[in-house]
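**Student:** If you scroll down you'll find the structure; I have some questions about it.
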Amino acid sequence: MSDRNLKELQLNQRGVVIWLTGLSGAGKTTISNALNKKLTEKKYFTQILDGDQLRGGINSNLGFSETDRIENIRRTAEIAKLFVNSGIITICSFISPTNKIRLQTKEIIGANDYFEIFVNAPLHVCEARDVKGMYKKARAGEIKNFTGIDSLYEPPANADLALNTEVLSVNECVEMILEKILTRISAG
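Heads up: the sequence shown runs through residues 8 to 195, numbered per the numbering used here.
Laid out in structure tokens, this is it:
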């Protein structure tokens, strides 16, 4: 039995990466936190990796150029893979703006351990939710390379699940995710 299998047996769960992608303000972090709470209530062992969290620490030396964005996501995928190999359900919430970046992530983590969720909200909805004022600054030219304004966001072509957060509540989103992943993370 592999080290990973032993750890999953101890935790009574299967490790998987749940990767949430979407524009800033789409609801990735909110859904991640709610999903984490619900999984914890169900006695699953989880870890959240969030873009703001990692950019404040291990990725603090990276900017928002295309090269830095690719490296930000590469490092994150490598960290997520370490957690998954320890049997931990890892919830990642990152803009991860291009199909190329998300494909690299899936290749690093492994297709069987990767579950991609497109947190879909139109740009105008994301701008209306902009609690940090980032869109306003980007529109004013104060922030360069801001995804959705002057930097490309490619919606995933083949996400495992798409959540329209313009119409779905956070609880509805979490229930839809649980419906899709519970069989993948349950031991047995």
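By construction, the Cβ of each residue, glycine as well, lies at the ideal position given by its N, Cα and C atoms.
Helix, strand or coil for S31, going by three-state DSSP, please let me know.
**Tutor:** Note: S31 maps to coil in three-state DSSP.
**Student:** In chain order, what residues of the same chain have a beta carbon less than 6 Å from the beta carbon of V181, not counting five sequence neighbours either side?
**Tutor:** Closer than 6 Å at the Cβ level, and outside the excluded window around V181, lie A41, L42, K45.
**Student:** Would you kindly work out how many angstroms separate the C-alpha atoms of L27 and S9, rounded to a whole number?
**Tutor:** Cα-Cα distance, rounded: 28 Å.
**Student:** Identify every residue that forms a DSSP beta bridge with N66.
**Tutor:** None, per the DSSP bridge assignment.
**Student:** For S39, count the other beta carbons within 10 Å of its own beta carbon; 16 or more makes it buried, fewer makes it exposed. Which is it?
**Tutor:** By the 10 Å Cβ count, S39 comes out buried.
**Student:** Return the Cβ separation of A33 and A128 in integer angstroms, given the expectation that the two are a contact with Cβ distance under 8 Å.
**Tutor:** Correct: roughly 4 Å between the Cβ atoms.
**Student:** Do the stretch 12-24 and the stretch 112-125 meet, that is, are 3 or more Cβ pairs less than 8 Å apart?
**Tutor:** Yes, since at least three Cβ pairs between the stretch 12-24 and the stretch 112-125 fall closer than 8 Å, the two stretches touch.
**Student:** To the nearest angstrom, how far is the alpha carbon of T53 from that of Q20?
**Tutor:** Approximately 10 Å, taken between the alpha carbons.
**Student:** Three or more C-beta pairs under 8 Å: does that hold for the stretch 85-103 against the stretch 47-64?
**Tutor:** Short answer: they touch.
**Student:** Taking F122 as part of the alpha helix (DSSP H), name the residues at either end of that continuous run.
**Tutor:** Premise fails: F122 lies in the beta strand (DSSP E), 121-127, not in any alpha helix (DSSP H).
**Student:** Our contact map puts P104 next to R76 with C-beta atoms below 8 Å; I'd like the distance itself, whole angstroms only.
**Tutor:** Confirmed, about 7 Å.
**Student:** Report the rounded CA-to-CA distance for Q17 versus I95, giving the unit in angstroms.
**Tutor:** Near 11 Å, if we compare the C-alpha coordinates of I95 and Q17.
**Student:** Helix, strand or coil, according to DSSP, for T172 in the structure here?
**Tutor:** Coil, per DSSP.
**Student:** Grab the span of the alpha helix (DSSP H) containing Q17 for me, first residue to last.
**Tutor:** Q17 -> alpha helix (DSSP H) spans 10-18.
**Student:** Hey, which unbroken runs of the beta strand (DSSP E) at 3 residues or more fall wholly within the stretch 142-186?
**Tutor:** Listed in chain order, the complete beta strand (DSSP E) runs (minimum 3 residues) inside the stretch 142-186 are 168-171.
**Student:** Evaluate D120 with the Cβ neighbour count: other Cβ atoms within 10 Å of its Cβ, from every protein chain shown; 16 or more gives buried, anything less gives exposed.
**Tutor:** D120 should be labelled buried.
**Student:** May I have the straight-line CA-CA distance separating S158 from I188, to the nearest angstrom?
**Tutor:** Going from the Cα of S158 to the Cα of I188 covers about 32 Å.
**Student:** Restricting to Cα atoms, I'd like to know which of N178, A84, I108 is closest to P162.
**Tutor:** Per the Cα distances, I108.
**Student:** Taking DSSP as the reference, what is the three-state secondary structure of T36?
**Tutor:** Of the three classes helix, strand and coil, the one that applies to T36 here is helix, per DSSP.
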